[in-house]
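Chains A and B are the protein sequences, given in the same order. Quick note: the first sequence uses the working numbering, first residue 54, plus one each step. Quick note: the second sequence uses the working numbering, first residue 54, plus one each step. For each residue, glycine too, the CB sits at the ideal point set by N, CA and C. Note that the structure is a prediction, hence the values are computed from the model and not measured.
2 protein chains.
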Amino acid sequence: MAAPTPTTDIAVLGALSVEPMSGYELRGAIQDVLGHFWSESFGQIYPALNRLREQGLVAARPGERASSSVYSVTAQGRARLSELLSSPIRDRPPRNGLMLRLFFGRHLGLDQCLALLDETEAANRAQLAHLRDTQTEVERENLPDAPYFLITIDLGIRTCEATLEWVDDARERLRGAEPAASTRPRR
Amino acid sequence: MAAPTPTTDIAVLGALSVEPMSGYELRGAIQDVLGHFWSESFGQIYPALNRLREQGLVAARPGERASSSVYSVTAQGRARLSELLSSPIRDRPPRNGLMLRLFFGRHLGLDQCLALLDETEAANRAQLAHLRDTQTEVERENLPDAPYFLITIDLGIRTCEATLEWVDDARERLRGAEPAASTRPRR
DNA sequence: CCGGCCATGTAATGTGTTACATGATTTA
DNA sequence: TAAATCATGTAACACATTACATGGCCGG
Numbered sequence: 054m055a056a057p058t059p060t061t062d063i064a065v066l067g068a069l070s071v072e073p074m075s076g077y078e079l080r081g082a083i084q085d086v087l088g089h090f091w092s093e094s095f096g097q098i099y100p101a102l103n104r105l106r107e108q109g110l111v112a113a114r115p116g117e118r119a120s121s122s123v124y125s126v127t128a129q130g131r132a133r134l135s136e137l138l139s140s141p142i143r144d145r146p147p148r149n150g151l152m153l154r155l156f157f158g159r160h161l162g163l164d165q166c167l168a169l170l171d172e173t174e175a176a177n178r179a180q181l182a183h184l185r186d187t188q189t190e191v192e193r194e195n196l197p198d199a200p201y202f203l204i205t206i207d208l209g210i211r212t213c214e215a216t217l218e219w220v221d222d223a224r225e226r227l228r229g230a231e232p233a234a235s236t237r238p239r240r
Numbered sequence: 054m055a056a057p058t059p060t061t062d063i064a065v066l067g068a069l070s071v072e073p074m075s076g077y078e079l080r081g082a083i084q085d086v087l088g089h090f091w092s093e094s095f096g097q098i099y100p101a102l103n104r105l106r107e108q109g110l111v112a113a114r115p116g117e118r119a120s121s122s123v124y125s126v127t128a129q130g131r132a133r134l135s136e137l138l139s140s141p142i143r144d145r146p147p148r149n150g151l152m153l154r155l156f157f158g159r160h161l162g163l164d165q166c167l168a169l170l171d172e173t174e175a176a177n178r179a180q181l182a183h184l185r186d187t188q189t190e191v192e193r194e195n196l197p198d199a200p201y202f203l204i205t206i207d208l209g210i211r212t213c214e215a216t217l218e219w220v221d222d223a224r225e226r227l228r229g230a231e232p233a234a235s236t237r238p239r240r
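So this is what it looks like as structure tokens:
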């Protein structure tokens, strides 16, 4: 029902411009490589592929498996991609659940705030490791897109690093602000 | 129509717990103070306030103006806030339009990529200045919430700083990768 | 031969913004 | 007195996820 929006088209045309693949693989590729700043679900991808095919922006050829298709970008599709990339950026307003909870953390309690910081640390360490792996892989492959891929990865890495430094600092600050709260027994 | 979700309730109850205010002021407060990580529209706020009032979580008293109400959190509301703050975080998957465009920046062209970096720099400088102002203000007011407010502001500042450093680096990298493209006259 | 992955697709549902409608109050 | 701001609220729309449904293929 929901006609996918132009932004989904950018992700789909862009990913297919790097390498032709099936809708299923497309989802995986977007998750793996663009996962730290983008996401697409099957509910968006399949309708988008069909629509883009009807518009002549992608071409489908039978895949190895009977039920699968391999999609590739047509010349028109490349033109459309350039056009879409120039279109104004309209991001949804931010909604960061972690920050919201920490902001009102006084009502949550010190222990739970520290637990949130622990989770954040773990998530960012994992993310950082994944980004470094991807970085190494991209550097090895020597694609024409490499400089562009690498700067986006670099921002991800810097953001993770800044967040990890912040976690350490935030922990100390919260412990300092309410020294006895976490160890005080309930009377 | 759309029943506001629990996350809106956190923002509304949390903001009102700091200081009672009208729905209109609530929007402004969320924009000013939580704006770098959260957002609520009137279409969410007003239905939420009415629902929370029916549930006895907030109380409304007439404001200075005839058509306005000042909402404050009740004891039940405070309990509910603590509960909501402990609920699992379910963020929407990320969708960063800038990163998406830079990732496929080869199809956009060097000049437009550099323009995107310029916009990013300007936006982050402005954001950083605003965060520093807010930081100073919070430190001056000496609220019990201050430590929690300050750590969220600090993450914002660190993220801006990291992004600004990244912009410089990204510019150099892109210029180095396609040295002649930006100055080459069209034949 | 069965569990898990590959593969496609649709319908229902949730979530949230934008646009619209209305009117009081303040300020220039 | 006109424009801007304060103030509340609803309806329509846009966007995306989740759940569901279906079936082929492969390895153990």
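Hey, residue i and residue j are a contact pair by Cβ (cut 8 Å); roughly how many whole angstroms apart?
| i | j | result |
| --- | --- | --- |
| Ile-63/B | Leu-151/A | Contact doesn't hold; Cβ gap of about 12 Å is too wide. |
| Cys-166/B | Leu-153/B | The pair is not a contact, with the Cβ atoms about 12 Å apart (cut-off 8 Å). |
| Glu-218/A | Arg-211/B | 7 Å |
| Ser-122/A | Ser-75/A | 6 Å |
Anyone know if the C-beta pair for residue i and residue j falls short of 8 Å?
| i | j | result |
| --- | --- | --- |
| Thr-127/A | Ala-113/A | no |
| Glu-174/B | Val-220/B | yes |
| Asp-207/A | Asp-222/B | yes |
| Gly-116/A | Leu-66/A | no |
| His-160/A | Leu-134/B | yes |
| Leu-170/B | Arg-224/B | yes |
| Gln-188/A | Leu-203/A | yes |
| Phe-95/A | Pro-147/B | no |
| Ala-215/A | Ala-215/B | yes |
Compare the C-alpha of residue i against each of the options and name the closest.
| i | options | result |
| --- | --- | --- |
| Phe-157/B | Asn-149/A, Phe-157/A, Glu-136/A | Glu-136/A |
| Tyr-124/B | Ser-70/B, Arg-193/B, Ala-230/B | Ser-70/B |
| Ser-92/B | Arg-118/A, Arg-145/A, Ala-119/A | Arg-145/A |
| Ile-98/B | Arg-118/B, Val-86/B, Pro-59/B | Pro-59/B |
| Ala-230/A | Tyr-201/B, Ala-182/B, Ala-68/B | Tyr-201/B |
| Leu-87/B | Ala-132/B, Thr-205/B, Ala-182/B | Thr-205/B |
| Ala-182/B | Ala-168/B, Asn-149/B, Leu-227/B, Cys-213/B | Cys-213/B |
| Leu-138/A | Ala-168/B, Arg-178/B, Leu-138/B, Ser-139/B | Ala-168/B |
| Gln-108/B | Asp-85/B, Asn-177/B, Ala-132/B | Ala-132/B |
| Asn-177/A | Ser-140/A, Gly-209/A, Met-74/A | Gly-209/A |
| Thr-61/B | Asn-149/A, Leu-227/A, Arg-106/A, Gln-84/A | Asn-149/A |
| Glu-72/A | Glu-172/A, Arg-106/A, Leu-196/A, Glu-192/A | Leu-196/A |
Checklist entry - Is the region 72 to 80 of chain B touching the region 97 to 112 of chain B, taking contact as three or more C-beta pairs under 8 Å? => result The region 72 to 80 of chain B, when compared against the region 97 to 112 of chain B, does touch it at the 8 Å Cβ threshold.
Checklist entry - Closer than 8 Å, Cβ to any Cβ of chain A: which residues of the region 126 to 154 of chain B, in chain order? => result Only Arg-131, Leu-134, Ser-135, Leu-138, Ser-139, Ile-142, Arg-143, Asp-144, Arg-145, Pro-146, Pro-147, Arg-148, Asn-149, Gly-150, Leu-151, Met-152, Leu-153, Arg-154 from the region 126 to 154 of chain B bring a Cβ to less than 8 Å from some Cβ of chain A.
Checklist entry - Just by C-beta distance, which residues in the region 80 to 112 of chain A are closer than 9 Å to chain B? => result Look at the region 80 to 112 of chain A: the residues with a C-beta under 9 Å from a C-beta of chain B are Val-86, Leu-87, Gly-88, His-89, Phe-90, Trp-91, Ser-92, Glu-93, Ser-94.
Checklist entry - Closer than 8 Å, Cβ to any Cβ of chain A: which residues of the region 211 to 226 of chain B, in chain order? => result Of all residues in the region 211 to 226 of chain B, the ones placed with a Cβ closer than 8 Å to any Cβ belonging to chain A are Arg-211, Thr-212, Glu-214, Ala-215, Thr-216, Glu-218, Trp-219, Asp-222, Ala-223, Arg-226, in chain order.
Checklist entry - If contact means a Cβ-Cβ distance below 7 Å, which residues of the region 155 to 174 of chain B contact chain A? => result Listed by position, the residues of the region 155 to 174 of chain B near chain A (Cβ gap below 7 Å) are Leu-155, Phe-156, Phe-157, Gly-158, Arg-159, His-160, Leu-161, Gln-165.
Item to check | Residues within the region 67 to 81 of chain A neighbouring chain B, beta-carbon criterion of under 8 Å | outcome: Answer in chain order: Gly-67, Ser-70.
Item to check | Residues, ordered as in the chain, of the region 186 to 202 of chain B that lie near chain A by beta-carbon distance below 7 Å | outcome: Flagged, chain order: Pro-197, Asp-198, Pro-200, Tyr-201, Phe-202.
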